[in-house]
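According to UniProt numbering, the stretch in the sequence shown is residues 1 to 191, in order.
C-beta atoms are modelled at their ideal positions from N, C-alpha and C, and glycine is treated no differently.
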Amino acid sequence: MHQASILGESFSDAKAYGWAVPEGGIPHKWETMVGAIQDHIGSLNWGYKVQLRDKKVEYINGLGKLLDAHTVEATKRNKSKQVMTAETIVIAVGGRPRYLDVPGDKELCITSDDLFSLPTPPGKTLLVGASYTALESAGFLNALGYTVHVMLMDYNSVPTTVFTPLEYGSVGLTEEEALERYGEANVEVYM
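Structure, rendered in structure tokens:
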């Protein structure tokens, strides 16, 4: 995702260094990128499984419930339960995006996990939330040429900086610096 957006932006920069990039740029094939991303995710997941197996770590895909200080019960998808005990229990649940529980959310929206499984490009996109994932997704969708907006649901969470892509070191600009550098026509400020 990042590499695709960086390459796209590099084509326009390349002209200044003597590269003969066709007018209008080089077309991007969303379907090809999605295939590459899905292959990459698959290889990562396979690699994780192999590493766990090599280290003799048992992976249990289930919903965990603490029964006491040293006992966990895991309920698997097939509803079977497995009870495990240990001297020390480490809780590291990770997370998944969730729907907003508003009318139309599941019919009209997708999660960030689903974005790069879409068979066709998203086009104009509204990202709800200002998490790392939302801002990162907004950045590379914009770099791929799509109109992107970010909406915050909590006024206390408004980011105070405009972030450049991670590949450039996560250097932030204040609102004033962004307006000065890119001009009012190119910066949208949400209050």
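Annotation for Thr32: the continuous alpha helix (DSSP H) segment containing it runs Trp30 to Asp54. For Asp68, the secondary structure class from DSSP, reduced to helix, strand or coil, is strand. Take the alpha-carbon of Tyr132 and the one of Asn78: they are about 33 Å apart. Counting along the chain, the unbroken alpha helix (DSSP H) around Lys106 starts and ends at Asp105 to Leu108.
Take Lys65, set aside five residues on each side of it, and the residues of its chain with a beta-carbon closer than 6 Å to its own are Glu73, in chain order.
DSSP, reduced to helix, strand and coil, places Gly62 within a strand of the structure shown. In the DSSP assignment, Leu144 falls outside any alpha helix (DSSP H) and carries neither an H nor an E. For Leu7, the enclosing alpha helix (DSSP H) starts and ends at His2 to Ala14. When Cβ pairs closer than 8 Å are counted between the two stretches, the region 3–10 is seen to touch the region 134–146, the count reaching three or more.
Under the three-state reduction of DSSP output, Ala74 falls in the strand class. Shown here, Thr120 sits in coil according to DSSP, grouped into three states, outside any helix or strand.
For a cut-off of 8 Å, the C-beta gap from Thr71 to Val83 is around 6 Å, short enough to register as a contact.
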